[in-house]
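What follows is a single structure, written as structure tokens, with notes after it.
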């Protein structure tokens with residue numbers, strides 16, 4: 042239904058992009074996804090998550106380095122936690138990655154919406170999407 046870009050998982054209230062990039066807030070750059078389970082289920086979203094980034098890179102994604110780029114799933118319920126952990130375990134067993142999967146699976150905490158210029162960034166920049 043909707044995707045919002047923002048910051049979560051840290052200790053600073055109302056962080057800015059510059060503050061998050063300073064590595065002092067503890068926040069990760071993240072997306073908050075609102076979805077209708079009648080249209081897409083959580084397992085399908087997990088599959089997209091695992092396939093749209095490299096979950097073996099510690100505190101980085103491609104050329105972007107820093108704790109804000111850590112791979113993490115912020116769950117909202119015990120069911121989401123169990124499904125995320127099961128999907129991670131299945132991916133580890135699959136042998137798709139030769140390196141250890143470092144993705145954190147942690148409770149969702151306060152989510153702060155990023156600045157407007159970050160929302161729908163690729164559409165605004167005329168680009169496509171991130172890939173591994």
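Residue numbers (the numbering used here): 42 to 173.
Ideal Cβ positions, reconstructed from N, Cα and C, are used throughout, including at glycine.
In this structure the segment 101–119 lies against the segment 59–75, because at least three pairs of beta carbons, one per stretch, are closer than 8 angstroms. Apart from the 5 residues on each side of it in sequence, residue 77 sits with its Cβ closer than 8 angstroms to the Cβ of 42 in its chain, given in chain order. Short of 6 angstroms from the beta carbon of residue 75, and not among the five residues preceding or following it, lie these beta carbons of its own chain, in chain order: 42 and 43. Ranked by Cα distance from residue 159, the first of 124, 49 and 58 is 58. About 13 angstroms separates the CB atoms of residue 51 and residue 155; that is not less than 8 angstroms, and the two are not in contact.
Rounded to whole angstroms, the Cβ separation of residue 143 and residue 90 is 14 angstroms, and the two are not in contact under 8 angstroms.
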